[in-house]
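Data first, discussion second: the structure below is written as structure tokens.
2 protein chains.
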Amino acid sequence: MPIPAGMKFNDQGLIVAIVQDAENQEVLMQAFMNEEALRLTMETGVAHYYSRSRNKLWKKGESSGHLQHVKEIRIDCDQDAILMKVQQVSGACHVGFRSCFYRVMEADGKLREDGNKVFDPKETYKT
Amino acid sequence: MPIPAGMKFNDQGLIVAIVQDAENQEVLMQAFMNEEALRLTMETGVAHYYSRSRNKLWKKGESSGHLQHVKEIRIDCDQDAILMKVQQVSGACHVGFRSCFYRVMEADGKLREDGNKVFDPKETYKT
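Which chain is which? The protein sequence lines are B and Z, in order.
My numbering applies: residue 1 is where the first sequence begins, and numbers increase by one.
My numbering applies: residue 128 is where the second sequence begins, and numbers increase by one.
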């Protein structure tokens, strides 16, 4: 399955990936992909990323079971970012929220929680 | 207006910014902000970014008039990405589309246009 010509991976070989809920359009998370992660995502239909902190390919939900089934992949005008619409199993965020963007910045710079906890990380990651 | 403590700008002093239409939840674009761009965005209520290609601060819509009026700013769990909900004047994409993500990746790797052209770049950027 060929990767489109002209895609711009950065000097670390990565591209921004934005993940959006295919049903309610909520933005769930942002991660990075290298070419292999994108290829695996296209081939398997489940999201793969590249972890910059662990320096390795990462299948989302491999340990938690919280897979992302990819419904559509879009590319932006500059071809240096992709937008994926996914069917998210349980929640995207390792903290237990449906979306990683569960905090709103207030005018005074304080952060206010505004999101739904859908799983308990202590249970999910207990092994 | 203080920037929240703990925000993680990368080694180039930048953070990923995802821009979403506050009305219909369409993802409009992705750009980068440095600390000054975020501060100006919070202070003025219109989106500012940092252009990596031009190495300068950038007020979105300064020449086109296609401003982004910021309704909400969210931060992700790792505090290395922000999500802004905006009221977009005209279109976000310099090509003339409402969203920069106007192309869908097909299974064969080909790109298919799927978006609404809302302005003519030749007219908008003619000066």
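Even for Gly, the Cβ is constructed at its ideal location relative to N, Cα and C.
Remember, it's a predicted structure, so these values are computed and weren't measured experimentally.
Item                                                                                                                                                                          : Value
Is the beta carbon of Phe228(Z) less than 8 angstroms from the beta carbon of Val245(Z)?                                                                                      : no
Given 8 angstroms as the limit, is there contact between the segment 71-81 of chain B and the segment 47-61 of chain B, that is, 3 or more CB pairs closer than that?         : no
Looking at the secondary structure, which residues open and close the alpha helix (DSSP H) in which Leu40(B) lies?                                                            : 35-44
Hey, how far is the Cα of Arg103(B) from the Cα of Asp148(Z)?                                                                                                                 : 18 angstroms
When the Cα atoms are used, what is the spatial distance from Lys122(B) to His94(B)?                                                                                          : 10 angstroms
Quick check on Lys249(Z): does DSSP put it in helix, strand or coil?                                                                                                          : helix
Taking Asp120(B) as the reference, give the member of Ser90(B), Lys85(B), Glu23(B), Ala107(B) with the closest Cα.                                                            : Ser90(B)
Less than 8 angstroms between the beta carbons of Gln215(Z) and Lys198(Z), yes or no?                                                                                         : no
Are the C-beta of Asp138(Z) and some C-beta of chain B separated by less than 8 angstroms?                                                                                    : no
At 9 angstroms on the CB atoms, spell out the chain B contacts of Met160(Z), in chain order.                                                                                  : Chain B residues near Met160(Z): none, gap ~12 angstroms exceeds 9 angstroms.
Can you have a look at Gly115(B) and say buried or exposed, based on whether 16 or more other CB atoms are within 10 angstroms of its CB?                                     : buried
Measure the C-alpha to C-alpha separation of Ile142(Z) and Ile130(Z) and round it to an integer number of angstroms.                                                          : 13 angstroms
Counting only the same chain and skipping the five closest in sequence on each side, list residues whose C-beta sits under 8 angstroms from that of Lys135(Z).                : Ile142, Asp205, Gln206, Asp207
Just to confirm before moving on: does the CB-CB distance between Ala174(Z) and Gln157(Z) stay below 8 angstroms?                                                             : no
For chain B, check one thing: does any of its Cβ atoms lie closer than 8 angstroms to the Cβ of His175(Z)?                                                                    : no
Residue ranges of each beta strand (DSSP E) run of no fewer than 3 residues wholly in the segment 190-247 of chain Z, ordered along the chain?                                : 195-202, 208-215, 230-232, 238-240
In three-state terms, what does DSSP make of Lys59(B)?                                                                                                                        : strand
Any beta-carbon of chain Z closer than 8 angstroms to the one on Leu83(B)?                                                                                                    : yes
So, for Ser178(Z): in the same chain, excluding its five sequence neighbours on each side, which residues have a beta-carbon less than 7 angstroms away from its beta-carbon? : Trp185
Taking Cβ-Cβ distances below 8 angstroms as the criterion, which residues of the segment 90-113 of chain B are in contact with chain Z?                                       : Cys93, His94, Val95, Phe97, Cys100, Phe101, Tyr102, Arg103, Val104, Met105, Ala107, Asp108, Gly109, Lys110, Leu111
When you compare each of Ala107(B), Tyr125(B), Glu62(B) to Leu167(Z) by their alpha carbons, which one comes out closest?                                                     : Ala107(B)
Which residues, taken in chain order from the segment 187-205 of chain Z, show a beta carbon closer than 7 angstroms to some beta carbon of chain B?                          : Glu199, Ile200, Arg201, Ile202, Asp203, Cys204
On a Cα-Cα basis, can you pick out the residue from Ser191(Z), Ser190(Z), Leu238(Z) that is closest to Ala5(B)?                                                               : Leu238(Z)
Look at Val146(Z) and Gln195(Z) and say whether their C-beta atoms are less than 8 angstroms apart.                                                                           : yes
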